[in-house]
Amino acid sequence: MDQIAPYFFIFLLAAFSKTLASSTFDGARLGMRHVDFGSNFTKDELLARSAFRSSRLSLQYSSGEYMIELSIGTPDPQPISGVADTGSDIIWTQCEQPTSLYDPKKSQTYSALPCNSNACLNAPNPEPNQCCSYRITYGSSTAQGTLLSDTFLLGDTNPVSVPEMVFGCTTSSTATVSGAAAPTGIIGLSRSEYSLIEQLGVDKFSYCLQPDKDTIHPMFLGSAAILDGSLVQSTPFVAPQETTNYYVNLMGISLGSEQLSIPQSLFQYNPSDGSGGVIIDSGTSITRLVPQALKIVSQAVQDKVNLPTADGSKYNLQLCFSLPSGSEAPSMPDLTFHFDGADLELNVDKYMTQTDDGLFCLLILEPPFTQSIIGTIQTQNLHVLYDLSNNMLSFAPAECDKL
Numbered sequence: 009m010d011q012i013a014p015y016f017f018i019f020l021l022a023a024f025s026k027t028l029a030s031s032t033f034d035g036a037r038l039g040m041r042h043v044d045f046g047s048n049f050t051k052d053e054l055l056a057r058s059a060f061r062s063s064r065l066s067l068q069y070s071s072g073e074y075m076i077e078l079s080i081g082t083p084d085p086q087p088i089s090g091v092a093d094t095g096s097d098i099i100w101t102q103c104e105q106p107t108s109l110y111d112p113k114k115s116q117t118y119s120a121l122p123c124n125s126n127a128c129l130n131a132p133n134p135e136p137n138q139c140c141s142y143r144i145t146y147g148s149s150t151a152q153g154t155l156l157s158d159t160f161l162l163g164d165t166n167p168v169s170v171p172e173m174v175f176g177c178t179t180s181s182t183a184t185v186s187g188a189a190a191p192t193g194i195i196g197l198s199r200s201e202y203s204l205i206e207q208l209g210v211d212k213f214s215y216c217l218q219p220d221k222d223t224i225h226p227m228f229l230g231s232a233a234i235l236d237g238s239l240v241q242s243t244p245f246v247a248p249q250e251t252t253n254y255y256v257n258l259m260g261i262s263l264g265s266e267q268l269s270i271p272q273s274l275f276q277y278n279p280s281d282g283s284g285g286v287i288i289d290s291g292t293s294i295t296r297l298v299p300q301a302l303k304i305v306s307q308a309v310q311d312k313v314n315l316p317t318a319d320g321s322k323y324n325l326q327l328c329f330s331l332p333s334g335s336e337a338p339s340m341p342d343l344t345f346h347f348d349g350a351d352l353e354l355n356v357d358k359y360m361t362q363t364d365d366g367l368f369c370l371l372i373l374e375p376p377f378t379q380s381i382i383g384t385i386q387t388q389n390l391h392v393l394y395d396l397s398n399n400m401l402s403f404a405p406a407e408c409d410k411l
């Protein structure tokens, strides 16, 4: 079973929610699918793809790790796909471009937004004298267009209709997309007023990921997101008013019984300039630590492995070791992330990987920005709940296929 596949997924809605004729939404279960579901990529190829998307080399909206499929418009819904991103504040899809799947002119429920509406007045980086325009930068790529509204349909059978959803119609973007189901945009899942979560009016959501790319993984919205039992751990979100990201308070890291000498200040959010802090992110597969913290973790791992280092650039990884021919990887203790009130314990398969050509590599990278990021590989085989009303992140071991 592959432990390091890049977690691009397609969300397929299985509804037990109410039809939204009354603009109410209770809850729903979604099935998530790896973008390489059914593909013939080798384990090492999947590793390289995952690490590339998590590296500073791939700062594009299309680098996100999950995709949602939904449809927009009436009477003939137009299917689109977008990266499911807990770090993005709005929903947008490409329009009037070669890869576009949505044409507002074909929808009877499409509506332009008033220039003085809250959405237009708060649009990110609007162009001067262009009503409801926006421009969003994702590292090396940008997306710009106009905000509008239309009816969303979620699900393949008995679709749930959500009227008057605000989203962006992107008419210009600069990004290289790849994969079996390349995204045409972003489905923002942050705490922003115009994310999918906030527009649906749900106060919690959860997901459970498995290492196997060829299995279906569940996600739950609203009342469907239930996490209980004696093994549940919880840590509060650290929620500065100026950010909509999901920050958590990382207190320290240990390798086995050794508490690593990492200053907690390296993980603290700086409200003066928005730097620092630790984010849990659905759009990142491999966890990233700020350079000073990663250096300490890497040295501790190197001391335990006690093998010569090797070049892991072909896999886009920063620390690899050369295994003697025919030998097994060395036994490694758990790596534990100590949060405020919760411990995330990672067995060796969640922070190290062995390649077919005899490398033993650390599955942690430097971030492209100043924040450390908890990625999806490190939360595999856990049911992870974002409880927005109680401002808590909770998680517990789970058999995802039985949820």
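If you're matching positions, the sequence shown starts at 9 in my numbering and goes up one per residue.
Beta carbons: idealized from backbone N, C-alpha and C, even for Gly.
Remember, it's a predicted structure, so these values are computed and weren't measured experimentally.
Is the separation between the beta-carbon of residue i and that of residue j shorter than 8 Å?
i, j, result
"A159", "I88", "Residue identity differs from the one stated: residue 159 is Thr in this sequence, not Ala. No, Cβ-Cβ distance for T159 and I88 is not below 8 Å."
"I194", "M40", "no"
"T344", "L352", "yes"
"F213", "R37", "no"
"L393", "F403", "yes"
"Y323", "A59", "yes"
"N253", "G90", "no"
"I372", "V286", "no"
"L155", "C123", "no"
"L302", "F33", "no"
"A318", "L367", "yes"
"T292", "G176", "no"
Which class does residue i belong to by DSSP, given the choice of helix, strand or coil?
i, result
"L367", "strand"
"E407", "coil"
"Y323", "helix"
"T387", "helix"
"A29", "Only weak support exists for where A29 lies, its pLDDT of 31 falling under 50; the coordinates are left without a value."
"V392", "strand"
"Q138", "coil"
"A36", "strand"
"T251", "coil"
"A232", "coil"
"L239", "coil"
"S493", "The structure shown does not extend to residue 493, since the chain is modelled only from 9 through 411, so no value can be given for it."
"P374", "A quick correction: the sequence has Glu, not Pro, at residue 374. DSSP places E374 in coil when its eight states are reduced to three."
"D44", "coil"
"D342", "coil"
"D348", "coil"
Using the beta-carbon count (16 or more within 10 Å), is residue i buried or exposed?
i, result
"S397", "exposed"
"S141", "buried"
"S180", "exposed"
"K221", "buried"
"L161", "buried"
"L197", "buried"
"Q388", "buried"
"I218", "According to the sequence shown, residue 218 is Gln rather than Ile. Answer is buried; the Cβ neighbour count reaches 16."
"T178", "buried"
"P112", "buried"
"Q307", "exposed"
"D44", "buried"
Quick one: does the C-beta of residue i sit closer than 7 Å to a heavy atom of the ligand ZN?
i, result
"L204", "As presented, the structure is devoid of all ligands, the ligand ZN included, so that no description of it is given."
Exercise. Taking only runs of the beta strand (DSSP E) that begin and end inside the segment 157 to 229, which ones reach a length of at least 3 residues, in chain order?
Worked result: 168 to 181, 193 to 196, 212 to 216
Exercise. Which runs of the beta strand (DSSP E) spanning at least 3 residues fall entirely within the segment 73 to 134, listed in chain order?
Worked result: The qualifying runs are 75 to 80, 86 to 93, 99 to 102.
Exercise. So does the segment 296 to 303 actually touch the segment 267 to 277, counting three or more Cβ pairs closer than 8 Å?
Worked result: yes
For this session: Please go through the segment 254 to 340 and give each complete alpha helix (DSSP H) segment of 4 or more residues, from N-terminal end onward.
Result: 299 to 313
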